[in-house]
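This report refers to the structure that appears directly beneath it.
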Amino acid sequence: MTTGISLVRENTLSMQPPRALWTSFPLGRPLGIPGDANFQHRVIRAALSLLEAPAGPVLVDYPEDIPELTQAAALSCPVSFTRPIEPPNSWSSTLLSEFQTLLPWYELGRHRRDGRTVVGVSASSVKENIQKIGALLDESRLPVESLRWFKAAIEDAKLFYFESLTAQPGNYDQASVEHVFWHETALGATLTELSALFLARPGLSAFARIVTPRAVMDASPGSQPQHSPKDEL
Amino acid sequence: MVRLSDLPEDERAHLLSKSEPPLGPPVWTAPSRPLNELRIALVTTAGLHFRNDTAFDFADASYRLIPGNEDADNLVMSHSSVNFDKVGFAEDVNLVFPIERFRELAAEHTIGSLAQIHYSFMGAGLEPSAYEQAASQVAGLLKKDQVDAVFLTPV
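Chains A and B, in that order, give the protein sequences.
Be aware that the first sequence starts at 2, since it is given in the numbering used here, and climbs by one per residue.
Be aware that the second sequence starts at 2, since it is given in the numbering used here, and climbs by one per residue.
In structure tokens:
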């Protein structure tokens, strides 16, 4: 038997799995609120109760939304990011400087989470990776021979930034964290530029869509989305 | 919130494009025992694995094993999509893989027991039908583990 969470009701209605509990939670948050065991338990119990349904398929709407943050925690890392307006002399050096500024906050966050970090998909360190990422842009070069390394490196780097920005306890607004990353940091600027280079390269344009979110790419100057909705991940 | 009506048009179109017809004829298994006697496994499409495991590829129908006696805080995510929140996962693994919640349910006898092994797929880049072979393998492994029910978390 199966039961579980649905995050896009229309998809579930179409596919008709035996049992599903639709929730209004953001993509990436099937259990709703991080760190809130009571909330998560309520969701789980609602989904498990579908196992008692006499017949299916069953699709039930979970009635509880995530409470809107009336006062989201301010990002705990008080770093003043300086997103380059003009290309710096060295993206690699700029990123290294930004990394070193964030490192104490990353370590503070790791301490708060009892040593837990989700950085570590890449075999190389974040420091090493971001210098290499910066060097790519300095040289206007794409890592065509090492796309797997590149993807793992950028995801680790992003998570390093996210964990730094949320180092102290708090109820963080996910949209605020991502806005700061993509619009205020040098790494966000770097990835947006590299994504544009991928987009412009025949045979690699699809890869751009797993570097930068749609909303960021579509908002960047000169972007011309040339894809069908189904092409993306 | 993922009410499609709240999303920008292009995001709404993208998510609606993922709607597929049922993969096969309707299937239904009624529970033969109450919840507090059921053995439950967790299956997620969050692209989770331990650091030393092979990362998921950009479009990848394989799965990873997550032993129930391992520390879930050591899990990492190699999901290829960038169009969902990862800030929450960084804060709490239970947001996508509620293993601690289910351990609590087992401890208070709300459920019968937890499976020895749980599973993660990576839910991006492929049509659902591409997962059939791997999903069948996992179904066989779950049977061997005497699992009665699976709790699914999509990412």
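Positions of the beta carbon are idealized from the N, C-alpha and C atoms, including for glycine.
Here the alpha carbons of A:ARG113 and A:GLU53 stand approximately 40 Å from one another.
B:PRO68 is bridged by DSSP to B:ILE118.
Here B:ASP86 is buried, its C-beta having at least 16 other C-beta atoms within 10 Å. The shortest CA-to-CA distance from B:ALA42 to any of B:LEU127, B:GLN134, B:ILE100, B:TRP29 is the one to B:ILE100.
The three-state secondary structure of B:THR46, taken from DSSP, is coil. A check of alpha carbon separations from A:ARG202 across A:GLN175, A:ARG142, A:GLU156, A:PRO89 identifies A:ARG142 as the nearest.
A:SER91 and A:GLU140 have their alpha carbons spaced roughly 10 Å apart. For the 8 Å CB-CB criterion, A:LEU8 and B:PRO9 do not form a contact.
By the rule that beta-carbons nearer than 8 Å mark a contact, B:LYS145 does not touch chain A. In the displayed model, B:GLY113 falls within coil according to three-state DSSP, outside both helix and strand. The three-state secondary structure of A:TRP23, taken from DSSP, is strand. In the three-state scheme derived from DSSP, where H, G and I count as helix and E and B as strand, A:ILE34 is classed as coil. Annotation for A:SER7: the continuous beta strand (DSSP E) segment containing it runs 3-7. Note on geometry: alpha-carbon atoms of A:ALA209 and B:LEU66 lie some 30 Å from one another. For A:PRO214, the chain B residues whose C-beta falls within less than 8 Å of its own C-beta are VAL83, ASN84, listed in chain order. At a cut-off of 8 Å between C-beta atoms, B:GLU21 counts as an interface residue with respect to chain A. Your pair B:THR55 and B:GLY124 does not check out as a contact, with CB atoms roughly 17 Å apart and the cut at 8 Å.
Cβ contact annotation for B:PHE103 (same chain, cutoff 6 Å, sequence separation greater than five): LEU115, in chain order. At least one C-beta of chain B is nearer than 8 Å to the C-beta of A:GLY29. Between the alpha carbons of B:SER130 and B:SER137 lies a distance of about 11 Å.
A:THR193 has its alpha-carbon roughly 21 Å from the corresponding atom of B:HIS15. For B:HIS110, the number of other beta carbons within 10 angstroms of its own is below 16, and it is reported as exposed. Taken through DSSP and simplified to helix, strand or coil, B:PHE85 comes out as coil. For A:GLY204, no chain B residue has a Cβ inside 8 Å of its Cβ, as the nearest lies near 14 Å away. For A:THR191, the enclosing alpha helix (DSSP H) covers residues 187-201.
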